[in-house]
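Visitor:
Number of protein chains: 2
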Amino acid sequence: MSNQWVYAFGAGRNEGGATMRNLLGGKGANLAEMASIGLPVPPGFTITTEVCTAFYDNGRKYPADLEAQVEAGLKHIEAAVGVKFGDNHHPLLVSVRSGARVSMPGMMDTVLNLGLNDSTVEGLAEASGDARFAWDSYRRFIQMYGSVVLGVDHHRFEEIIEGLKLDEGFTEDTQLTAQDWHRIVHGYKEMVAQETGKPFPQSPHEQLWGAIGAVFGSWMNPRANTYRRLNDIPANWGTAVNVQAMVFGNMGEDCATGVCFTRDPSTGEDIFYGEYLINAQGEDVVAGIRTPQPMAQLKAKPGEVSMEVAMPNAYAELVEVRAKLEKHYADMQDIEFTVQQNKLYMLQTRTGKRTAAASLKIAVDMAEEGLIDRTEAVRRVNPGALDQLLHPTLDPKAKRKLLSKGLPASPGAASGIVVFNADEAEARAAKGEAVILVRIETSPEDIHGMHAARGILTTRGGMTSHAAVVARGMGRPCVAGAGGVQVDYHAQALAAGGQIIRGGETITLDGATGEIFVGHVAMIEPQLSGDFSTLMGWADEVRRLKIRANAETPLDADTARRFGAEGIGLCRTEHMFFDPARIGAVRQMIMSETEGGRRDALSKLLPFQREDFAALFRIMAGLPVTIRLLDPPLHEFLPHKDEEMAEVAESLGADLATMQRRAAELAEANPMLGHRGCRLGITYPEIYAMQSRAIFEAAILVGEETGNPVVPEIMIPLVGIKRELDITRAQVIQVAEEVFAERGTRVEYLVGTMIELPRACLTADKIAGAADFFSFGTNDLTQTVFGLSRDDAGKFLPYYVEKDILPKDPFVSIDVEGVGALIAMAAEKGRSVKPGLKLGICGEHGGDPASIQFCETAGLDYVSCSPYRVPVARLAAAQAALNNVKST
Amino acid sequence: MSNQWVYAFGAGRNEGGATMRNLLGGKGANLAEMASIGLPVPPGFTITTEVCTAFYDNGRKYPADLEAQVEAGLKHIEAAVGVKFGDNHHPLLVSVRSGARVSMPGMMDTVLNLGLNDSTVEGLAEASGDARFAWDSYRRFIQMYGSVVLGVDHHRFEEIIEGLKLDEGFTEDTQLTAQDWHRIVHGYKEMVAQETGKPFPQSPHEQLWGAIGAVFGSWMNPRANTYRRLNDIPANWGTAVNVQAMVFGNMGEDCATGVCFTRDPSTGEDIFYGEYLINAQGEDVVAGIRTPQPMAQLKAKPGEVSMEVAMPNAYAELVEVRAKLEKHYADMQDIEFTVQQNKLYMLQTRTGKRTAAASLKIAVDMAEEGLIDRTEAVRRVNPGALDQLLHPTLDPKAKRKLLSKGLPASPGAASGIVVFNADEAEARAAKGEAVILVRIETSPEDIHGMHAARGILTTRGGMTSHAAVVARGMGRPCVAGAGGVQVDYHAQALAAGGQIIRGGETITLDGATGEIFVGHVAMIEPQLSGDFSTLMGWADEVRRLKIRANAETPLDADTARRFGAEGIGLCRTEHMFFDPARIGAVRQMIMSETEGGRRDALSKLLPFQREDFAALFRIMAGLPVTIRLLDPPLHEFLPHKDEEMAEVAESLGADLATMQRRAAELAEANPMLGHRGCRLGITYPEIYAMQSRAIFEAAILVGEETGNPVVPEIMIPLVGIKRELDITRAQVIQVAEEVFAERGTRVEYLVGTMIELPRACLTADKIAGAADFFSFGTNDLTQTVFGLSRDDAGKFLPYYVEKDILPKDPFVSIDVEGVGALIAMAAEKGRSVKPGLKLGICGEHGGDPASIQFCETAGLDYVSCSPYRVPVARLAAAQAALNNVKST
């Protein structure tokens, strides 16, 4: 069998193209593609990835017919350029570069100027008329080849240059003459012969095969192997080798080399963005010895010389290339070029990396320019990156002094004075001060302080700790689990790395990086430009999943609507219980030993809850509102300290001992798995009765106010057994009938359940019989499926993710294999008995793009997430819908 | 369509039989059966359960042809007895009794003497020659019919008798004459007419249809409905009605009535056991007005007259009947009979209820007598009841004073002095005192005290609290969660119901009932008779499941072998860490901040652990021993109180503050879902390394000692992700190779995993790739599937079981629908990739018969349970195997 192992490109003979990335690698495929659309690419050829595979399959031997094909490839180059490889007068020089499907660190990269030897260097001097250039090129070649192909330590080369400079009293390389470079070449060759035991190869063919062998050999070196293992890249993908005629940006003042983007990768602005250097080779642009100059004159600062001005012809040609590339690739490109004696050559093009803001602007601009269609624009923007556009961010130019680092728990940046408790945070915020609430960890009692604060810092807990979850929900920047920071409440101070910050001093948090800075750092306010809403509009046109928000305060509900939420998917009623005006009655209820006592206390809470719900119904104006009845165990509402306990006892007219006894009775070994959710509703039916009454009364009230009927969705938490839902549902229905009879009117309503326990998933066909909807509580489901407490996972989960035991934090992105399997099972079982059963999710995962993709595939009806994640979810849902259309 | 609605029995015309229980009810089917095997049954007929169903299906109307069939049935009785229903001279009297498939409280039971009226009563007087008997029978009839058929309050009847006795100055019914009864009948009739607005029915046919209607009507009364709902009895089963010729045990001194068992239901002894009364009707035997006499002379006490002596002919006949019945039914029977004028009549037979001891003896005896085969004997004994045979029990005759009651957490009875802490329990037990350890709840630190105590009492926690689980494992009687008892550690006293018991005073616990008694109560030691081991031997012949024990101490392992365990299924290595000689090193390990420090501390534990394992290997002598590596979170090993903490700090040379800080770092919100199991093994690999080394060194040691190779089974706990098992397995293998190299020898070993998380079940096909066996940890699996903490469930789980939200405590008996579904899934997935994968369970469920049935069906290889449950498990496994053979 005879295979094509070598694919030519350039000079009118393009055997490859962009679609052949697997065979030719990314670089080779794009070189052929550029050449095929008429761009000026120096001619060359690509040795395919299949050669690499064959090489390893056959005990590091090349296919028999490879040599002939490489020779033919060289002939193609020689014919195109008109000079010969190894010719002593007009030598052809080539570059040899690796190029796998994906860019991969650890592999051999590039050897330039290959083909030079003691004879051809003279020919190059002659042909170019520049002996210094020729000898410099030769020494560059020996240095590169010597280190990457022959394995000589690169310090050995530097020593020789430094030695000569010392001898001559030079400080800069530019001071070296042709003669000097000649001497250095001599030194290099002696040193290489000594190090390797063999003279430096003089045969250009031997050089070429040496470089090809080095590329293939580097595919299996330890660093490349490690990288592939970590990134799940199969070893049998192999790498390609690109051999290409050299062009020189360093042959004189009419030469240049540059690296640039077709648009501004930072802002997305439609302007040439990048740098070039006159009379330089590619490595000089990045080496930092000379200062690169801007491409476009518009971007030139005083004293800078843009390429637009310095090389107007080459620049004009490049502008055409840019248009051609963007049109052809329909995306912003990251390109490398060389100008040799005023002639432009393209050496590389690839899709350019960009910031979130640029990504958004480029996608919208390109759609409006007609380069891509709107669905493509929707696909182009990474939803996860949107988050950073919705919050203030630190000014990248601002000075800063790092104090410590924690987990990037909720994005955005905030500055404020350090305050150590929630009450003080609220009091100082009320006086107009910007505060940062600093706690070892937060609890539901701190909610009012978190609301009042500009940002939250905790020293314990993970990405899904109470602080992190609540902060994300509120859109407050949060750095959580900053283990390097010690908080001393007593001393009202925090310490990190030997530095102490006292209460009242200012710090700045960057919730996107987890960094904590001393003092104030300047910020940039978010620009929710027209592009943002344009793209959101396009996303909304293609998505199938509805997006709701998790919200319980009017502020959150407003934010959610502003960001485009289509309802509330989770209103956690317990958050409403911590308000100082209510917590007294809540505690009275908890302390009561009798149902009557509890009913008395609950009757005080009724008007508050009714107003809570009425406010939400008003804001959501007919959009669905799902209200979860009380979920957490009652002890969460009791104070933790003796002195607070005493205060509460006094206010309730109880003695401290009774209070402590009751608190001890309520204490639990594992509150997550304790007396909570519908278990409370079953053992204390009066609690759910009060909440149901508040919901129905509010629904009637707002319906009458607005003339727009409210259809509340009542959600029973933590159901694991169908009878639990039967019983609590019957309670809700009974209260509904009572209220309807009292008011002489009725409202429609739904009663559904959270599916958040494995048993609920396993018996979803039974539970569906009593449920109008399922809402997957993926936080608790993840906890129970993994047997993993969110509050405690911080001790080992980061290690698990770091060591790749888990690919991702399962509280951030749904564990498709485990948790996902149960959700899919529950969805299928539920709909097997109720085909139209409404399904949603309301865990933290509702705002995670990968999880949203899962929800789309599993056929859910909606996701519900923190208000600030709503735009992320809208875009992710659109992409998920597009992906699923594509895959079906 | 014409149906047979009525089935005759007796007098040679038996249309039914024992197999027709669904159609004829239990009573009717057995009457026909007895008659058909030639026993003297008064003739009668049964109206089928289908009539009941038709009655309700047709708006409470009888089938059209029923009346004719009932008339024919009456004719059959009349012909057999030779007297006529309603005949004024020789009237036929009948009884009317209900009889459903299963005996059911709440339904109408019996009307006797039906057919009497103002005329036939005279005929009865005449025919019997006993006017007092006739009028007494008539008044009994009016009273019974009046209350159960006509709904007259039974007090109204008693008032009339009491009034007359008052008038006459009588104290006993026996003082009343025929004349008196006549007057009472008159009073009854007047009262009934007044109450019901209608005269008492004089037509025997009207009486009969009234009684039939009352039986069918009572099938749907509220009490019967409730009972059916609670016991899952479908309403459409219906009840039958039995109409039968009356026979009279109260017609004179040659008459009698009796209720008896064919063997002693308390001991199982093969002797007639029961009571009879001369000249009495059935109700008199149970009413307690006269003292019933024993059946067999052997059972007669001084002053008693046995039936054997008083009525030798009837008794001899009854002995024949007994043999015939036992032979026919192949089981011990509970029978009712009447002797009328020296002639024996059988009125009922049914399978007799019996104690566990009797059940065992009867099953073995009957198998040895050839009445049943051995597998049937194995089926006959309730495995759950065996438990009570293995422990001392309270002498039922002993006097006792109840103090309070808790949950029957671990069977057996124990007396001892009250002690409130584990150390004191150990110290006093060492001095030979019998102690009862009383704690609010227990923790692993109390283990030595629990071991030293005769019994354990806790005031908190459920059937699966720490105290309950550990006590069952040790075979110590335990009363748990006695909420009515207040323990005051400070005052060293407990209080219940106003009574105070101080430390040092004696109490007695009955772990089988949960009762707590003041002082000492006499006990009976268990008799593990030959019958016990005979039955166990038969069980072992038929069972497929292997039975292992959960054991870690030599004592437990010895007990387990004595009870027939075939290996250790779960050795919880952490129990070995609490020993006073070791806990210091354990705490030193925990307090170390460095791996080196931990390794130092662990090296002190190594010799202890090695000897632990060696001891188990020696005792188990080649039987498999599964050792679970460290499972609980490290904070469980730290002391809870400041003073203890200070002690520990001193002994470790650390300061208290450091110790407290480390303890605070280790504290967890939900320890059940925390940093434990293989998560410890991964983050602190040196712990598992030490334990693995101890296992391999011990295995080599004991193998060399005994010449019998030891094949340890190493079990990794809490795996949820396959990589966790990959990593820990690799660690174990590495240590094995190190030890083998050091010792110059190798042992075979297995490395498997607990399957105790939903995620492990869902991904069992992946995990199986790295596991030599799976052992289902059903305790933790139940906790995570339900989201239910064992330690906290006591607050609502009892309520759930009481209210039938859950049929059983899922920690006692596997929740087949939820937990079982995951186990079945894991078994299937595991074996899909490894067909021979060894599967077992090692939770508390391993000793529960219903759970063992599930394990048999799911195809597991073994169950492992507390040593004291091993016999229960052996028997249950045998029954499960028999059931599965039957059902396939």
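Protein sequences appear in the order of chains W and V. Just so we're aligned, residue 1 is where the first sequence starts under the UniProt record's numbering, counting upward by one. Just so we're aligned, residue 1 is where the second sequence starts under the UniProt record's numbering, counting upward by one. We put the beta carbon where it would ideally sit given N, CA and C, even for glycine. Values in this document were obtained by computation on a predicted structure and should not be read as measured data.
1) Rounded to whole angstroms, what is the Cα-Cα separation between V:Y329 and V:S218?
2) Compute the distance between the beta-carbons of V:A770 and V:L837, then report whether it is under 9 Å.
3) Give me whichever residues DSSP pairs with V:D510 in a beta bridge.
4) Considering only C-alpha positions, which residue in the set W:P43, W:E424, W:A29 and W:N236 is nearest to W:R13?
5) Just the C-alpha distance for W:T19 and W:V247, rounded to the nearest angstrom, thanks.
6) Determine the burial state of V:Q731: buried for a count of at least 16 other Cβ atoms within 10 Å of its Cβ, exposed for fewer.
7) State the CB to CB distance for the pair W:M450 and W:A430, rounded to an integer number of angstroms; the pair is presumed to be in contact (CB under 8 Å).
8) Could you check whether the Cβ of W:F796 sits closer than 9 Å to any Cβ belonging to chain V?
9) Which of the three DSSP states is assigned to V:S359 in this structure?
10) Assuming W:T355 and W:S266 make a contact with CB atoms under 8 Å, what is their CB distance in whole Å?
11) Determine the DSSP secondary structure at V:M220, reduced to helix, strand or coil.
12) Looking at V:A539: is its Cβ nearer than 9 Å to the Cβ of V:Q293?
13) If you drop the 5 nearest sequence neighbours on each side, which residues of the same chain put their C-beta closer than 7 Å to that of W:G847?
14) Out of W:G352, W:M366 and W:G252, which one is the CA nearest neighbour of W:Q341?
15) With a threshold of 6 Å on Cβ separation, who are the neighbours of V:F216 within its own chain once the five nearest residues in sequence on each side are excluded?
16) Measure from the alpha carbon of W:T857 to the alpha carbon of each residue in W:R380, W:G820, W:Q202 and W:G197, then state which is nearest.
17) Just the C-alpha distance for residue 897 of chain W and W:H182, rounded to the nearest angstrom, thanks.
18) For the region 97-128 of chain W, enumerate the residues whose C-beta is nearer than 7 Å to any C-beta of chain V, in chain order.
19) Does DSSP put W:I447 in a helix, in a strand, or in coil?
20) Just confirm the distance between the C-beta atoms of W:V111 and W:M144, as a whole number of angstroms; I'd bet it's less than 8 Å.
21) Short of 8 Å in beta carbon distance, which residues of its chain neighbour V:Q4, apart from the five on each side in sequence? Order them along the chain.
22) Relative to the C-alpha of V:G210, which residue among V:Y273, V:D136, V:E67 and V:A826 is closest?
23) For V:F617, which option in V:N883, V:G169, V:V735 and V:N708 has the closest C-alpha, if you only look at C-alpha atoms?
24) Tell me, to the nearest whole angstrom, how far the beta carbon of W:F133 is from that of W:N250; I am working on the premise that it is less than 8 Å.
25) Taking the straight line between their C-alpha atoms, what separation do you get for V:V751 and V:L757?
26) Does DSSP put V:R13 in a helix, in a strand, or in coil?
27) Apart from the five residues just before and just after W:D334, which ones in its own chain have a Cβ nearer than 6 Å to its Cβ?
28) What is the DSSP secondary structure of V:T19, reduced to helix, strand or coil?
29) Three-state secondary structure (DSSP) at V:R97?
30) How far does the beta strand (DSSP E) with V:N242 in it reach, from first residue to last?
31) Does DSSP put W:P294 in a helix, in a strand, or in coil?
32) Quick one: list the residues of chain V neighbouring W:H675, beta-carbon separation under 7 Å, in chain order.
33) With V:T458 as the anchor, note down where its alpha helix (DSSP H) starts and where it stops.
34) So, do the region 668-679 of chain V and the region 783-793 of chain W have three or more beta carbon pairs nearer to each other than 8 Å?
35) Name the chain V residues that come within less than 9 Å of W:M672, Cβ to Cβ?
36) Mind checking V:E50: buried by the 16 CB within 10 Å criterion, or exposed?
Guide: Looking at the atomic coordinates:
1) Here residue 329 of chain V is taken as the residue at index 329 of the second sequence, counted from 1. Here residue 218 of chain V is taken as the residue at index 218 of the second sequence, counted from 1. If you take the alpha carbons of V:Y329 and V:S218, they lie about 30 Å apart.
2) Position 770 of the second sequence, counting from 1, holds the residue named residue 770 of chain V. Position 837 of the second sequence, counting from 1, holds the residue named residue 837 of chain V. No; because the gap between Cβ atoms is not below 9 Å, this pair is not in contact.
3) In the second sequence, residue 510 of chain V corresponds to position 510, counting from 1. V:D510 has V:A413 and V:E515 as its beta-bridge partners, per DSSP.
4) Within the first sequence, residue 13 of chain W is the residue found at index 13, counting from 1. That would be W:P43, whose Cα lies nearest to the Cα of W:R13.
5) Stepping through the first sequence from its first residue, residue 19 of chain W is reached at position 19. Stepping through the first sequence from its first residue, residue 247 of chain W is reached at position 247. When rounded, the distance between both Cα atoms is 26 Å.
6) Position 731 of the second sequence holds residue 731 of chain V. Buried: at least 16 other Cβ atoms inside 10 Å.
7) As a position in the first sequence, residue 450 of chain W is number 450, starting the count at 1. As a position in the first sequence, residue 430 of chain W is number 430, starting the count at 1. Contact flag wrong, Cβ pair sits at about 15 Å.
8) On the first sequence, residue 796 of chain W is found 796 positions in, with the first residue counted as 1. Taking Cβ atoms only, chain V reaches closer than 9 Å to W:F796, which makes this a yes.
9) Numbered from its first residue, the second sequence carries residue 359 of chain V at position 359. Of the three classes helix, strand and coil, the one that applies to V:S359 here is helix, per DSSP.
10) Within the first sequence, numbered from 1, the residue matching residue 355 of chain W stands at position 355. Within the first sequence, numbered from 1, the residue matching residue 266 of chain W stands at position 266. Contact flag correct, Cβ pair sits at about 5 Å.
11) As a first step, residue 220 of chain V is located in the second sequence; it is residue number 220 there, counting from the start. Here V:M220 sits in coil by DSSP.
12) Here residue 539 of chain V is taken as the residue at index 539 of the second sequence, counted from 1. Here residue 293 of chain V is taken as the residue at index 293 of the second sequence, counted from 1. For V:A539 and V:Q293, no; Cβs fall outside 9 Å.
13) Counting from 1 along the first sequence, the entry for residue 847 of chain W is found at position 847. Within the same chain, and ignoring the five residues on either side of W:G847 in sequence, the residues whose Cβ sits closer than 7 Å to its Cβ are C865, S866, R869, V872 and A873.
14) Mapped onto the first sequence, residue 341 of chain W falls at position 341. Nearest of W:G352, W:M366 and W:G252 to W:Q341, Cα basis: W:G252.
15) The residue you call residue 216 of chain V lines up with position 216 of the second sequence. Excluding residues within five positions, the ones whose Cβ falls inside 6 Å are C52 and F55.
16) Taking the first residue of the first sequence as position 1, residue 857 of chain W is located at position 857. With distances taken between Cα atoms, W:T857 lies closest to W:G820.
17) Since the first and last residues shown for chain W are 1 and 888, residue 897 of chain W lies out of range.
18) none
19) Working through the first sequence from its first residue, we reach residue 447 of chain W at position 447. Note: W:I447 maps to helix in three-state DSSP.
20) The residue given as residue 111 of chain W occupies position 111 in the first sequence. The residue given as residue 144 of chain W occupies position 144 in the first sequence. In this structure W:V111 touches W:M144 by the C-beta definition: roughly 5 Å separates them, less than 8 Å.
21) Taking the first residue of the second sequence as 1, we reach residue 4 of chain V at position 4. Contacts found: E15, T48 and Q69.
22) In the second sequence, the residue the question calls residue 210 of chain V occupies position 210. Residue V:E67 is the option with its Cα nearest to V:G210.
23) Taking the second sequence and counting its residues from 1, the one referred to as residue 617 of chain V is at position 617. The residue from V:N883, V:G169, V:V735 and V:N708 with its alpha-carbon nearest to that of V:F617 is V:N708.
24) Along the first sequence, read from residue 1 onward, the residue named residue 133 of chain W stands at position 133. Along the first sequence, read from residue 1 onward, the residue named residue 250 of chain W stands at position 250. That belief holds up - the Cβ atoms of W:F133 and W:N250 are roughly 7 Å apart, short of 8 Å.
25) If you number the second sequence from 1, residue 751 of chain V lands on position 751. If you number the second sequence from 1, residue 757 of chain V lands on position 757. Their Cα atoms are separated by approximately 18 Å.
26) Here the question's residue 13 of chain V lines up with position 13 in the second sequence. Coil, per DSSP.
27) Counting from one through the first sequence, the residue named residue 334 of chain W turns up at place 334. Within the same chain, W:D334 has close Cβ partners F261, R350 and G352.
28) For this step, residue 19 of chain V is matched to residue 19 along the second sequence. Of the three classes helix, strand and coil, the one that applies to V:T19 here is helix, per DSSP.
29) One-based indexing of the second sequence puts residue 97 of chain V at position 97. If DSSP states are grouped into helix, strand and coil, V:R97 belongs with the strands.
30) To locate residue 242 of chain V, count along the second sequence from 1; it is residue 242. Start and end: T239 to A245.
31) Position 294 of the first sequence, counted from the first residue, corresponds to residue 294 of chain W. In the three-state scheme derived from DSSP, where H, G and I count as helix and E and B as strand, W:P294 is classed as strand.
32) One-based indexing of the first sequence puts residue 675 of chain W at position 675. By Cβ distance, chain V contributes D792, K795 and F796.
33) Within the second sequence, residue 458 of chain V is the residue found at index 458, counting from 1. V:T458 -> not in any alpha helix (DSSP H); beta strand (DSSP E) instead, spanning G455 to T458.
34) yes
35) Here residue 672 of chain W refers to the residue found at position 672 when the first sequence is read from its first residue. Correct list: A669, N670, M672, L673, G787 and S789.
36) Residue mapping note: residue 50 of chain V aligns to position 50 of the second sequence, counting from 1. Counting Cβ neighbours within 10 Å, V:E50 comes out buried, since at least 16 surround it.
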